[in-house]
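A.B. asks: Residues in the sequence shown are numbered consecutively from 47, following the working numbering. From the three backbone atoms N, C-alpha and C, an ideal C-beta is built for every residue, glycine too. This one's a predicted model, so the numbers in the text were calculated from it and none came from an experiment.
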Amino acid sequence: MLTGPAKVLSDEDTKKIHDASLDILERTGTNILHDGILERLDDAGARVDRSSRTARFSASMVEDLIRKAPHTIALYSRGERETIEIGNGVTHSVSGFDATFIQDFVKNGRYPSGERRPIKTEEVGNFAMIADRLEDIDIVGVQGIPQDVPQDKAEVYAVKMLLENTAKHIVIAPDTGLTAQTIFKMTKSVTRSDDIGSKPVLSCHISPSAPLRWTPAACDIIMHVLEEGVPFYI
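Printed below as a string of structure tokens:
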């Protein structure tokens, strides 16, 4: 049983990694393929090279932003579920994430059946329903990307299943800015509120295509997330 925070690195190791990260951000920088975000970073004090689409951050700028950032973030659920506080030292569990196949363990009376097949929309809803009822699951992620719907809308169908089958906080990973917009509109309809940022019932996972490269699609998602005030993780 995990009774406290797991500590893998020593304080000295952590500082070495942090200092190396600051050096990389200042010397190498980050490749950002989005004019809007480059403009924002330029206004905020980053050194922006428009020709190479690279933003570099001084150590003092990064440290200042870390000091200004909130130490904890509150994640909300719909209904009477408790609020989750991220950053207070308590470990929380998340279900998921984004599988495209499922394996049947029982089929025609055989266990295990061993059949591996594409996951269906209904099954994504079933996973969300199970996660909703399990006490040890605090946040519900998209367990699978349904393969029985148009793939450019698959993430939207998956999140629809989450909104219909759990009231717990959900985490999404949209693949485009349009997908993020559509999911935010659905969430506003479900919560009957245009403000989904002050008490967020969903949060967003966004990934770079490489550690120091942000694609136009990922940057579009970030822009929509910032507009709504929804928490996001990298």
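For residue 118, is the classification buried or exposed, using 16 other Cβ atoms within 10 angstroms of its Cβ as the cut-off for buried?
C.D. replies: So residue 118 ends up on the exposed side.
A.B. asks: Check whether the Cβ atoms of residue 102 and residue 92 lie closer than 8 Å to each other.
C.D. replies: In contact: residue 102 and residue 92 (Cβ atoms closer than 8 Å).
A.B. asks: Using CA atoms only, rank isn't needed, just tell me which of 111, 183, 94 and 200 is closest to residue 191.
C.D. replies: Cα-wise, what sits closest to residue 191 is 200.
A.B. asks: Counting beta carbon pairs with one atom in the stretch 52–65 and one in the stretch 246–254, are three or more of them shorter than 8 Å?
C.D. replies: No, they do not touch.
A.B. asks: Tell me the residue span of the alpha helix (DSSP H) that contains residue 205.
C.D. replies: Segment 200–211, the alpha helix (DSSP H) holding residue 205.
A.B. asks: What span of residues does the alpha helix (DSSP H) with residue 262 cover, start to end?
C.D. replies: 262–274 is the extent of the alpha helix (DSSP H) around residue 262.
A.B. asks: Quick check on residue 86: does DSSP put it in helix, strand or coil?
C.D. replies: If DSSP states are grouped into helix, strand and coil, residue 86 belongs with the helices.
A.B. asks: Under the three-state reduction of DSSP, which class applies to residue 115: helix, strand or coil?
C.D. replies: Residue 115: coil per DSSP, three-state reduction.
A.B. asks: Pull the bridge partners of residue 218 from the DSSP assignment, please.
C.D. replies: 250, per the DSSP bridge assignment.
A.B. asks: Here's the rule: buried if 16 or more other CB atoms are within 10 angstroms of the residue's CB, otherwise exposed. What is residue 266?
C.D. replies: Under this definition residue 266 is a buried residue.
A.B. asks: Sorted by chain position, which residues of the same chain lie with C-beta nearer than 8 Å to residue 212's C-beta, five sequence neighbours on each side aside?
C.D. replies: Excluding residues within five positions, the ones whose Cβ falls inside 8 Å are 174, 175, 177, 178 and 186.
A.B. asks: Please state the DSSP three-state secondary structure of residue 136.
C.D. replies: Correct three-state label for residue 136: coil.
A.B. asks: Alpha carbon to alpha carbon, what distance is there between residue 109 and residue 115?
C.D. replies: About 10 Å.
A.B. asks: Would you mind working out which of 222, 121 and 180 sits nearest residue 133, comparing C-alpha positions?
C.D. replies: For the residues 222, 121 and 180, the minimum Cα distance to residue 133 belongs to 121.
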